[in-house]
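This report concerns only the one structure given below.
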Amino acid sequence: MGEVFLAWDNRLKRRVAIKRIRHDQGLDAVLRQRLLREARAAAGLSHPAVVQVHDLIEDAAGDCIVLEYVEGRTLAALLAEAGPLEPAAAVRLACEIAGGLAAAHAAGIVHRDLKPENVIVTPAGHAKILDFGLAHMCFRAADDAFVTQRGVLLGTFHTMSPEQASGDEVDARSDLFSLGVLLYEMLTGRSPFRGANPVETLNRVLSEEPPRVDAVRPGIPGRLGELVERLLAKEPAERPESAAEVVRELEAIAAHLASAAAPTQVADAGDLPTIVDIPRLAASRPVPSSKPPGSAADLSIPGHPWNGKRKIAAAILVTAILVSVLYLGVLSVIGQREAPAATAPLRVLVLQPHVNGRDERLRLAASAVRDASLRTLGSFEGVKAVYQIRPVGAPTTLREKAQAAAAQELLVAVLNEEGSRVEITLTRQAIDGRYLWDKTIDVSSQDGDLLNLAKAMDQRLRQGYKGHHLRPGSHPLQVRPEDYTTFLVISQKFNEDGEVPSRDDLDRLQAVVRMSPLFLDARLLAAESLLSRFQSTHKKPDLDQALELVRGAFDLAGRDHRPFVTRFRIEMAQDDTSAAAEDLKQIRRLIHDDPQVLVLQADFAEHKGHLDEAIGDLKRAVETAPAWQDLNHLAYLEARTGRIRDANRHLQQILDSSPGNIYALDSLAKIELLYGDLQEAERRYRDLASRPKPERAHFTNLGNTLYLQGRYAEAIEELKKALE
């Protein structure tokens, strides 16, 4: 509202900003009074996070406000260029902004238009609030009523509070809502309410609850997610009482984030270092993410007799605990929830092929065997192929490996080097050790012959599974030999080595898609890779490109469920739950007999905060197929809702079938740390830390356990080990 000029103050020898509105440009009495109000309101404030007013000049030509000149750029420009901020940076800026608001509120001033465009970030990284043009004096003079009595809706739609959007009177808590919107944008890179037009935006502000920031961006502390959720409460009474309270909460969160970054420093007696999760292994899925999602959780246990420090421990978890979530996104379930059919598919565990030989080409040939096995078995009706990237825990026998994956059968492949050729022995084996079928394939191991190897595998597996027909719409392997080799190299990095494909890898995949346009798997791998990159970078072009690739996949195989699942993940990353719900109907139709549908429903219910519903779905899923990943997820949700005995029982069920499963052992230790016996937690973490190749998180959490017992010197020693 007005022109802004950069000027030089000759008296004090400094640069200033001048905000001016000329009277001959349609200025009416209301607009002029609003401008002057900005000057009077801001002039009474003195705070490092508020742009200072130096002078007010009134004359016949126009009114000018002389402001402090602040170098930097708006927060809006910063977010547009850099994307979401790191949690520590977002918390620090929000804390400074909240401090400025606290000073304004103490003076009786409500900003009423707090938004990224009204915050300057200086070169030193500090926040400055500007433009109190809509500021409203809570302690108004008697002649001040006429400015508001007309019921004009002032402010910016996507950042205004529900009461402001309704045209009601506002107080300081309205600014706290806008601060919540600001913090949401800093953490996720997107607005929680912005719609396609002003009407849609206002409707969202008034009626919609956005997903929590720690669900949108895994890794954000649960305590921070809870604060943003409180700031965005529709009812003012449900928000924090004051900006000063928000400052205190943000300072506490910042301290714990700092302690996580520097684990060798033990906090004061009232604080606690961050509880850390071990890295996740993606497993039993076609395309694992390098960085599985999982929202940071505040483990609130109704009626549970915690001491004060353990309440702090639960509140400051930086990453979701007790569960390795195996999918990049969650799936939307809107309307009636349909259960899979009672008859579950035959689960076949495809083991990592065993290689006898030193030729590096054999490793790539093994990837071709794995890829062909999963593709062919996945094309059969009534068959569910699962794949373990690497052994989890210490299952030694084939039976134990099958039990851990809830599989009824195994497919074992052994590759023997025979000069320039490779001999592949395939064995279909029941969980009780019976041999159901075996076959030997002799093919060339040269890179250019890997496609022939895959086609030979497909033919033999069809013979070995004669009783299973192809799913309708199954897509044949159609690719140039050289493109298939390139695909295997990149797939090996992504699926077996857990790497996020580089930009060069993505360019090579795109070239494969162009040169072999009928090769469905390359499109899906490229889309999954871009989605995985988005989980790390939060750059929207990655999602747009992934969605375009999936559209091409539907043109090739509209009846294959895999494009639907990939598109689900993209849509959920975009928060497009209505589109995801439509795709879910198609997935149900295509794999209605697969317990995976229940797992996907549980993921979505958890995303929405419907934990009892999610627990119910997972219980039904593990009754049919008790895979360790789903049992671990179930135990995590049970712990969050105070069902500690059930959580322990399901974790023990994992250990019964997968002895030494590191994730189950870690989950049991965390339960003791948060809700149980600290000495038992110490014993469990010492056991984990003493195993070969322990995770850093084991030393960190052992240090936390010792810290809670008041053994600070020992805690420091264990925390130091986390840095070694």
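What the sequence shown shows, in our numbering, is residues 5 to 728, in sequence order. Ideal Cβ positions, reconstructed from N, Cα and C, are used throughout, including at glycine. As the structure is a prediction and not an experimental result, all values here were calculated from the model.
By how many angstroms is the C-alpha of residue j removed from the C-alpha of residue i?
| i | j | result |
| --- | --- | --- |
| G3 | I720 | Look at the range of the chain in this structure, 5 to 728, and you will see that residue 3 is not part of it. |
| L594 | A107 | 59 Å |
| V352 | A726 | 39 Å |
| E642 | E404 | 25 Å |
| L682 | E676 | 6 Å |
| A81 | K724 | 40 Å |
| N652 | I666 | 15 Å |
| A583 | A259 | 40 Å |
| G714 | D179 | 41 Å |
| A145 | A111 | For A145, the predicted model reports a pLDDT of 37, less than 50, meaning its position is unreliable; a value from the coordinates is still stated below. The alpha-carbon atoms of A145 and A111 are separated by roughly 14 Å. |
| Q578 | R475 | 30 Å |
| L183 | T380 | 53 Å |
| G193 | L89 | 8 Å |
| T581 | V373 | 37 Å |
| D375 | E421 | 19 Å |
Mark residue i as exposed unless 16 or more other C-beta atoms lie within 10 angstroms of its C-beta, in which case mark it buried.
| i | result |
| --- | --- |
| F9 | exposed |
| E233 | buried |
| W632 | buried |
| H596 | exposed |
| R592 | buried |
| G307 | Any answer about G307 is weak, because its pLDDT of 32 lies below 50 and its placement is not dependable; what the coordinates show is given next. By the neighbour-count rule (16 or more Cβ atoms within 10 Å), G307 is not buried but exposed. |
| K132 | buried |
| E439 | A quick correction: the sequence has Tyr, not Glu, at residue 439. Per the 10 Å Cβ criterion, exposed. |
| I61 | exposed |
| R19 | exposed |
| L326 | Confidence in L326 is poor, its pLDDT being 30 and thus under 50, which makes the residue's placement unreliable; the coordinate value appears in the next sentence. Buried is the call here. |
Spatial neighbours of residue i within its chain, please: C-beta separation below 7 Å, excluding the five flanking residues on both sides.
| i | result |
| --- | --- |
| V416 | L355, T431, Q433 |
| A557 | L524, R527, L528, P567 |
| V516 | D487, T490, F491, F523, A526 |
| L635 | V626, H654, Q657, I658 |
| L560 | H479, L522, L524 |
| A369 | L419, V426, S449, L454, L457 |
| P196 | V185, Y188, P214, L236 |
Starting from residue i, trace the beta strand (DSSP E) both ways and give me its first and last residue.
| i | result |
| --- | --- |
| I224 | Looking at the DSSP string, I224 is not in any beta strand (DSSP E), and its letter there is neither H nor E. |
| A629 | Careful: A629 lies outside any beta strand (DSSP E) and carries neither H nor E. |
| Y73 | That residue, Y73, is in no beta strand (DSSP E); it is neither H nor E in DSSP. |
| E7 | 7-13 |
| I61 | 57-62 |
| I133 | 131-133 |
Take residue i and list the residues in its own chain whose beta-carbon comes closer than 6 Å to its own, dropping the five residues that flank it on each side.
| i | result |
| --- | --- |
| T365 | Here residue 365 is Arg; the residue named in the question, Thr, does not match the sequence. Correct list, in chain order: S449. |
| N122 | L134, D135 |
| K238 | P166 |
| V554 | A531, P567, T570, R571 |
| T429 | V418, T444 |
| E253 | L231 |
| H109 | A176, A247 |
| G468 | R432, W441 |
Mind checking which residues open and close the alpha helix (DSSP H) that includes residue i?
| i | result |
| --- | --- |
| G556 | 544-560 |
| N708 | 700-712 |
| N456 | 454-468 |
| Q412 | Taken as a continuous stretch (DSSP letters only), Q412 belongs to no alpha helix (DSSP H), as it is neither H nor E. |
| S661 | 648-661 |
| E212 | Unbroken run through E212: none, as it is neither H nor E. |
| D670 | 666-679 |
| M519 | 507-519 |
Return no unless some Cβ of chain B is closer than 8 Å to the Cβ of residue i.
| i | result |
| --- | --- |
| H358 | The question asks about chain B, but that chain is absent: this structure has only one protein chain. |
For residue i, write down the residues that DSSP places opposite it in a beta bridge.
| i | result |
| --- | --- |
| S246 | S246 pairs with nothing; no bridge assigned. |
| S448 | R425 |
| T78 | I124 |
| E728 | In the DSSP output, where bridge partners are listed per residue, E728 has none listed. |
| G184 | Bridge partners of G184: none, in fact. |
| A417 | L430 |
| Y439 | Q433 |
| Y734 | Outside the displayed range of the chain (5 to 728) lies residue 734, so it cannot be described from this structure. |
| L474 | F384 |
| A739 | Lying before the first or after the last residue shown, residue 739 is absent from the chain, which here runs from 5 to 728. |
| N360 | N420 |
| I591 | In the DSSP output, where bridge partners are listed per residue, I591 has none listed. |
| V483 | DSSP lists no partner for V483. |
| V54 | I133 |
Could you name the residues of the same chain whose beta carbon sits closer than 8 Å to that of residue i, not counting the 5 residues immediately before and after it, in chain order?
| i | result |
| --- | --- |
| P91 | L191, G223, I224, P225, L228, L261 |
| G76 | I124, V125, T126, P127, K132 |
| Q514 | A530 |
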